[in-house]
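Just so it is clear: in the sequence shown, position 139 is 126 by the numbering used here, and no numbers are missing.
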Amino acid sequence: MHVWVSTTDENPREAAHHLLRQLATSLGHPAPLTHTPTGRPVVDGLHVSLTHTTGAVAVAATHAGPVGVDAELRRDFPVGAMAARWFPPAEAGRVDSPEKFLQLWTAKEAVGKALGQGLRNQGLRREMPAALTDGSVSELVAEGDRGPGGSDLPVHAHVVPSEPEVAVVHVVVRLDLVLALAFPRGVTEVVLHQGTALRSTVRSRTSFPVVVRGN
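Below is the structure:
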């Protein structure tokens, strides 16, 4: 699976579409980007997803199966009422910080996209792995946060309880960005490109545990 993340000062929707076309072309699929009636992006021969937030866009593509990506800027806000409004009581009770709220929200968005549903059909009520809110969440780690000498760092992708063939993991590509990926359990590699010029790449084998490799 390939994930590209970029900053943007442009219209974020247009920037995300442009980045996705670039990614698809780099993978040998220069076909036009179209959309389903529900707005899901479609590229012939690839499973794709995109997301945009203030100042940043991210896109994902794979041949392995449906994929979802979602991003939110890290920020402070009162989480109690929002968690109680949107999440099941058991999850809401474990959300005690903006970080945990955003981890949970982006995971639900990414999984919903991978399932082709978005947040329809009670997507925010879909149970996520407990590790996302119990303080043990694992994250793929990008440039600057690897082990000594760029050594491998094992982390774990988490299986979605109601969707045993779907896994979710968070990726640190920018300190101000929470980014979640959802993908089939059979995915064995995640390649991250970050930065406007796509200067940095991290290669990750995802076989539960996930190993992050820098190059």
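Don't be surprised by glycine CBs; every beta carbon is placed ideally from N, CA and C. Bear in mind that the values here come from a model prediction, so they are computed numbers and not experimental data.
Just grab the DSSP bridge partners of residue i for me.
| i | result |
| --- | --- |
| W(-9) | V46, H180 |
| L211 | Any question about residue 211 goes unanswered here, given that the chain covers just -12 to 202. |
| E78 | Bridge partners of E78: none, in fact. |
| E150 | V147 |
Between which two residues does the beta strand (DSSP E) carrying residue i extend?
| i | result |
| --- | --- |
| V147 | 145 to 147 |
Looking at C-alpha atoms only, which residue of the options is the closest neighbour of residue i?
| i | options | result |
| --- | --- | --- |
| G32 | R0, P53, T120 | P53 |
| R0 | V44, V98, A97 | V44 |
| G67 | S84, T(-5), G55 | S84 |
| F88 | V178, F170, L166 | L166 |
| V158 | H180, A18, S13 | H180 |
| D121 | L20, L111, P19, L91 | L91 |
| H22 | E176, G103, T175, E114 | G103 |
| P116 | V(-10), L106, K95 | K95 |
| H16 | H50, G42, S(-7), V156 | H50 |
| G110 | V(-8), E78, G99 | G99 |
| A47 | V156, F64, W(-9), R107 | W(-9) |
| T(-6) | V177, L164, F170 | L164 |
| H145 | R161, L119, V160 | L119 |
| L162 | E78, E86, P148 | E86 |
| H(-11) | N(-2), E(-3), S13, A3 | S13 |
| V156 | A97, A70, R107, G42 | A97 |
| L168 | R112, E78, T93, R107 | T93 |
| D(-4) | N108, V160, H34, G42 | G42 |
| A101 | A18, A79, R172 | R172 |
| E114 | R81, P148, V82, N108 | P148 |
Residue range of the alpha helix (DSSP H) that residue i falls in?
| i | result |
| --- | --- |
| A70 | 67 to 73 |
| P85 | 85 to 101 |
Beta strand (DSSP E) segments (min. 3 residues) lying fully within the stretch 14 to 65: 34 to 40, 43 to 49, 55 to 60
The stretch 147 to 156 in contact with the stretch 22 to 32 per 3-pair CB rule at 8 Å: no
At least three beta-carbon pairs within less than 8 Å, the stretch 56 to 63 to the stretch 31 to 48: Output reads yes: the stretch 31 to 48 touches the stretch 56 to 63.
Given 8 Å, three or more beta-carbon pairs between the stretch 71 to 82 and the stretch 6 to 15: no
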